[in-house]
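Asker: Take this structure first; my questions come after.
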Amino acid sequence: MPFGRRNNQPKPEFIEFNIGKREYMEGIQADNYVRTTRYTFLTFLPLTLYENFQRLANVYFLIIALFSLAPWSPVTPIVSISPLIFVIAVSMLKALFEDLLRYRTDKLYNSIKFEVWRKGRFMLVQSRNIHPGDIIRLEGNRENPADFCIIETSENNHSCFVNEVNLNGETAVKQRKAIQCVSNFEIPSTIQSFENSRVKISSPCNDLRSLNGTITYQGSENAFSMKNVVLKGTFLAHTAWAIGVVLYTGHDTRIIQNQRHPPHKTSRLESKFNIIILIDFIFNFILIGICTFMAARMDITNKFHWIETMKVNALNVMKNFSAFAIIFSYMIPISLYVTVEFVRFFQRWTFSTDLGMYYPGLGFCQPNNSNLNEELGSVDHIFSDKTGTLTENIMRFVQLSARGSIYDVVTDKERVKMLVSKKTERNLLEILAAIPVCSTVICTEDGYSSESPDEEALVNYAKELTATLTARVPDESMTIDLGGTETKFEHLATIEFDSDRKRMSVVVRAPNGEVVIYTKGADTIMFPLIAKDEDESVIKSTKEQVDAFAEQGLRTLIYAWRLMPKDEFEQFMAEYREANLAMTDRDKKVKEVGAKIEKDLVLLGAVAIEDQLQPNVPETMSYLSMMGIKLWVLTGDKHETAVSIAKSTDVITPECKVFEILTGDPSETATISRQIDECTSPCVLVLSPDALIYITEQVPLELVKMGDQCRSVVCFRMSPFLKSKVVDVMRSNTKKVCLAIGDGANDVNMIQTANVGVGIIGREGRQAAQNSDFAITRFKHLKRLLAVHGRLSLVRISGVVRYMVYKNLVFSLVNIPFFYFTRWTPSPIFDGWLMATYNLMWTIFPPGEYGFFEQDVSFQSMMKYPLIYRDARSGRFISMWRFVGELVNAIYQSMILFFFNMYVPSMKPLNGRGLVDDLNFNGVLLYISIILVVDIQAIIRSQHWNIFLFLGVIVSILIFFLVNLPYGSFPTFVPLMYFVPQTIFTSYISYVLLVISVSFSLFPEAMIKYLKGMWAPSYTRVIREHELLEQMNRKKSN
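Residue numbers (UniProt numbering): 1 to 1038.
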C-alpha cells in the first residue's frame, strides 16, 4: 500500500526521495496522518481486557467465576462474575471515553487544509494527505503540519522567524534561513525546477537540536541543518509566508518522535498495599484450606446418621475447596483499585484548582501523574536545579571586567556610556563589541530575542551602554553601533554552545578584512585556552574579580578573541564546510573542527550577570528542611556562586558546618566522610564534578551515607548527565523517596529519574513541565504541594486502603462461625443477590467520601507546623501493624454481629405467628447489621466530619432499604427471600437487635479512639485541639 501507514521493518540509516513525487519509501511514513488514540475498533476489547487482567485480584475473581460454573457451586455464576464485570466495565468505559476524546481531536487535526504544490499550482490539501517531498507554502501565524526545509520566504533576506512554544514551551522566537540553492526565486518556475531534485536525510529520530540533510539541486549538493528547518507544531512569526520541501510527516516528525510515554512510576504506598493484598490472598487461602480440611474431617468422623456426608476423595475435596473459595472470595477487595483511581482523580482536580498554587499568567499546578499523589507525602530528598527553579531566570547585566578594570554597569552607566562615546578605553570597547558579536541574538520588531536569557540580557544592557546590535542576517552578517559608529561584520562560522563544551565561538570578518574568532564561556574552560604569553597580571586580576563576582551569587562569563592568519582560516573553512556536509555526527565533527581554532586566545575580560531569587525561596527551603527533607542544589555555576546561592537560600545556614570534596582523590572522600560521621552540628557537603564522578562510579554508597547524614548537599558545575546520575544513585541505593525539580530541558533526565519529578513552568520553556509528574509555576508552591496535597493524599489513600480491606474482612469472617454451626458445609450465609451487591452498592460511597474529604488538620496548620509532615512520612498511616489491627477489629465485629443476629433470634419467636424465623431471615438481619457497622465506621474513622460524609452513609443505608423491599416481593423470582425484608423492617425486635449489635460492635473502637486521644494523643490530635481552642477564642472575642 504506497500511501498507507508505516511498516515495522528496521529503518535504514538514511532516506532518499525525489521532490514532487509521491512514492513508497522504506523506513518512513508516506502520509501525514497522526493518531494519538491508544486503541482501534479491533484492538479495544483485547487490549483493555489484557490491561485489566494485569491485576492479580481480577485474575483471582476470574478463576472464582469459573469455579461458580460447576454444578456444586454454592452460588449462581452471576453472583461471582458480577463484581468482576462491574470493575472491568468501569475501567473499560473510562478508557473508551478518554480514547473517544483523542479520536475526535485526531479527526479534526488531520482534516485541516494547507497549500501544497500539486499539478503546477498551490492547492488546498488536507493535512493527512501531505507527503515527504511535497512543496508546501505556510502562511504566518499558522501551525506547521510537517517538518520542512525552507527554500524561500517573504522576507528580502530569505529568512523567517519561528515560534516554538508548542514544541518546547519557549516563547522567544528563533530565526531560520532558506537553504541557498537559488539566487532569484520565482513562482512557478523555480518551484518547478525543484521537482525531481533529490533529498537525503537521516532516519526519523527525536533530536530537537539537530537535523542534517542535503538537497541535490541541478547537480549541486546543498547541505541544510536545523537552521534551515521549520518543525511540525511551530508557527511563523513576523513573517508573511514560507515555502519549503516536506522532509518528515506524521509520526516521523520531531515533535511526535518526542512524545514518548514517561517512565512508569508507582508510589511506595501502592507497593505496600499490593503486598497487603498478597497477604490477604494468603490469609484467604489459609482459611479455605482450614475449612476444606474440617469439612473432610467431618465427613470421616460424622456420627449423626441424619446428616448426609460425602465420600472423602480428591474430587469431593476439590468440590469443597472450590465452594469455600467462592464464598471467601469476598475477602479480596476487588473494588479497591477502582476506588483508589476515583479518589486520585478527585485529588487531581484539587491539585489543579488550588488558588494557593496559582500564579498570574502561568496558571495552576498541573498534576500529570496522579499515581504519585501520595508519594508527595513521603519525600526524603529534594534535588533542585538553580537557574529558573530557585531564581527568576530574568538576567541583569551588573558588572564588567575589561582586562582587569571593573565597571559597574548599573551605578556607573553614564560614565561607561561617556567612555564608549569618547572611544578612549580600547579594552572596554573591545569587550562591549564582543558581547553582541559572539551571540545568537536576533533583532525582532519588539527588540531582541534569543534562546539564551543570558545572551538577551547582555545584548540589551550593552545597547543601554551604546553598544547596539542593529541588524543580524543569519549566517551572513551582523551590524554593531558602538558609540555612534556602525561596524558591519561578515559572519563566517559559528561553533555553538553545549553543556559539554561550556563555550561558544563565532568567526567573523571585520571591515578591514581581518578574520577574528570571538569565544565566550565558563572560566574553568576559558582560562586554559588563553595564550601562554598573555599578561599574567591581567589573568590574575580577572580570576580574582570573577571569584568576587561569584561570591556575590553572580553568574560569570569570560570573553576572549584573536586574529586568524589566512592559511589557518582557509584550512579551518575547508574542514568546517566538509563537517557541515557530513550526514552522520555532523554536530560532533563541527565542534571538533572548532576546537582546533579555540586556542591561544587574548583575554578581553569578564561579565557578571545577576539572576534574582524568586520570592520566598529561603523560607521555603527552611520549611522543607524542618519537614525532615534533605536538600540538594545541583547547579552548573562555579564553586563560589553555588555556595553563595546556597547561603542566600538557607540551604546553608550560619550554624551549619561546611565540608567540601573538590577532587576525585579517594583519600579526600574517605577523610571527609569520617569527619561528617564525627560531626555533631548540622552538616553541609559541597561536591565538585570530579568528586561526584569518582564517588558515583566507585563508592556510590558513600554518597548515600553522606547525603543521609548531611542537612543539605551543594553540587556545582553539574552537567545534565551528572544531575541524573546523582539522583539515580540516591534513588536506587535507598528505599527513600527522591524528588527532583527543575525548569529546563537539561533537567528532564533528572526529573524522570527521580521517584517524583516536578517541573517549573518558566521562561526556559515547558519541556521540564511536560516531562514531569507534577508541574508548578513557582518554587514556593513546592511547600504547599508537599505539606498539604502530598500529605493529605497519603492520609486519604492510606485510609481508603485500610477501610476497603477491613470491610471485606468483616463480610467474609462471619462465615467462620456459620460453617462451624453447620458442620463445615460450604454453603453461604447470605442470598446471592446480597453477596453480589455488597461491594458494588451498599458500601461503596463511604470509603470514597472518606478518600475525597478526609482532613485531620487544617491547611493553615499543615503550612505552619512542619512536624505534621514528618509524622505522616513516618509510615504510621499504613503499616503491617495497622492491618493487624484491622484484622483483629474485623474478627471481633464479625463474631459479635453473628452472635446477636444469628444466635439470639433463635432463642425467641420473632414473627407474629409465634414461629422462629429461618436462616434467610437471620442472614438478612446479619447482612443489614454489617452494612450499618461498615458504613457508620466512616464517621468514626474520619477526623473531618462534613455533610458529604453523613449524606454518603445515610444515602447508602436508605438505598438498601428502598431497593430490597421490592426484592422480597417476587416469590417466583427469589422464593427463599420472599417477604423476608418486609418481615424484618416491620419487626420492632429486629430494630432492637440491630441497635444492640451495631453498638456492641462499634463501641470498643470508639472507646479506644477516645482514650488514645485523651492519654496518648498523636501530634495531629494536639494540633487539632489547638485549632478548636483558637476557634472558640475567636468566637468569644467576636
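Ideal Cβ positions, reconstructed from N, Cα and C, are used throughout, including at glycine. Note that the coordinates shown come from a computational prediction; the quantities given were computed from them, not determined experimentally.
For GLU697, tell me which candidate among GLY707, VAL729, VAL87 has the shortest Cα-Cα distance.
Answerer: VAL729
Asker: In the DSSP assignment, find the unbroken beta strand (DSSP E) run with MET478 in it and report its ends.
Answerer: 477 to 482
Asker: Report the rounded CA-to-CA distance for CYS683 versus GLU374, giving the unit in angstroms.
Answerer: 29 angstroms
Asker: PHE53 by DSSP, collapsed to three states: which one?
Answerer: coil
Asker: GLU490 and VAL508 - do their beta-carbons sit closer together than 9 angstroms?
Answerer: Yes. Within cutoff.
Asker: Would you mind reading off the limits of the beta strand (DSSP E) that contains THR485?
Answerer: 485 to 495
Asker: Do you know whose CA, among TYR838, SER73, ILE761, lies nearest SER322's CA?
Answerer: SER73
Asker: What is the DSSP secondary structure of LEU915, counted as helix, strand or coil?
Answerer: Any reading at LEU915 needs caution, since the residue's pLDDT is 45, under 50, leaving its predicted position unreliable; the model's value is listed next. LEU915 falls in the coil class under three-state DSSP.
Asker: Measuring only the C-alpha atoms, how far is PRO436 from THR470?
Answerer: 10 angstroms
Asker: Flag this pair as touching only if the stretch 492 to 506 and the stretch 516 to 524 have three or more C-beta atom pairs under 8 angstroms; answer yes or no.
Answerer: yes
Asker: Can you pull the DSSP bridge partners for CYS738?
Answerer: As a beta-bridge residue in DSSP terms, CYS738 pairs with HIS381.
Asker: Output yes or no for whether 9 angstroms exceeds the beta carbon distance between ALA740 and SER384.
Answerer: Contact flag set, yes.
Asker: In this structure, how does DSSP classify ARG128 when only helix, strand and coil are distinguished?
Answerer: In the structure shown, ARG128 adopts helical secondary structure according to DSSP, grouped into three states.
Asker: Can you look up GLU575 in the DSSP assignment and give me helix, strand or coil?
Answerer: helix
Asker: Leaving out five residues on either side along the sequence, give the residues of the same chain with a beta carbon under 7 angstroms from the beta carbon of SER858.
Answerer: GLU1027
Asker: For THR239 and ASN580, I'd like the C-alpha separation in whole angstroms.
Answerer: 27 angstroms
Asker: Could you work out which residue in HIS158, VAL245, ILE645 is closest to SER193 when comparing CA atoms only?
Answerer: VAL245
Asker: Beta-carbon separation of VAL343 and PHE852 under 9 angstroms?
Answerer: It is a contact, given that the beta carbons lie within the stated cut-off.
Asker: Per the contact definition of three or more C-beta pairs closer than 8 angstroms, is the stretch 268 to 282 in contact with the stretch 877 to 887?
Answerer: yes
Asker: Name the two residues that bound the continuous beta strand (DSSP E) containing ASN163.
Answerer: From DSSP, the beta strand (DSSP E) with ASN163 extends over 159 to 163.
Asker: Per the DSSP calculation, SER712 is bridged to which residue(s)?
Answerer: For SER712, which the question treats as bridged, DSSP gives the partners LEU631, VAL684.
Asker: Taking its Cβ as the centre, do 16 or more other Cβ atoms sit within 10 Å of GLN860, making it buried, or is it exposed?
Answerer: exposed
Asker: If the criterion is Cβ atoms closer than 9 angstroms, does the pair CYS160 and ILE150 meet it?
Answerer: yes
Asker: Fully enclosed by the stretch 312 to 337, which alpha helix (DSSP H) runs are 4 residues long or longer?
Answerer: 314 to 328
Asker: Taking 8 angstroms as the limit between beta carbons, can you name the residues of its chain near ARG58, skipping five residues before and five after?
Answerer: The question names Arg, but residue 58 is Asn in the sequence shown. Once the five neighbours on either side are set aside, the close Cβ partners of ASN58 are ASN52, LEU84, VAL87, ILE88, ILE334.
Asker: Are the Cβ atoms of MET294 and SER812 separated by less than 9 angstroms?
Answerer: no
Asker: ASP611 bridges to which residues according to DSSP?
Answerer: MET395
Asker: Could you name each continuous alpha helix (DSSP H) segment of 4 residues or more that falls completely within the stretch 759 to 835, going from the start of the chain to the end?
Answerer: 767 to 770, 781 to 784, 791 to 813, 815 to 821
Asker: Going by DSSP in three states, SER1018 sits in which element: helix, strand or coil?
Answerer: coil
Asker: Using a Cβ-Cβ cut-off of 8 angstroms (strictly less than) and excluding sequence neighbours within five positions of VAL602, which residues of its own chain qualify?
Answerer: ILE530, ALA531, GLU534, ALA560, TRP561, ARG562
Asker: Tell me ASP728's beta-bridge partners as DSSP assigns them.
Answerer: According to DSSP, which records beta bridges pairwise, ASP728 is partnered with nothing at all.
Asker: Thinking C-beta only, is PHE900 closer than 9 angstroms to SER997?
Answerer: yes
Asker: If contacts are defined as beta-carbon pairs under 8 angstroms, then THR36 and ARG128 qualify, I think. What distance do you get, rounded to the angstrom?
Answerer: At roughly 13 angstroms, the Cβ-Cβ gap does not stay under 8 angstroms, so THR36 and ARG128 are not in contact.
Asker: So, does the stretch 607 to 619 touch the stretch 649 to 657, judging by three or more C-beta pairs under 8 angstroms?
Answerer: yes
Asker: Assign GLN545 to one of two classes, buried (16 or more other C-beta atoms within 10 Å of its C-beta) or exposed (fewer than that).
Answerer: buried
Asker: Taking just the CA atoms, how far does ASP747 sit from LYS864?
Answerer: 30 angstroms
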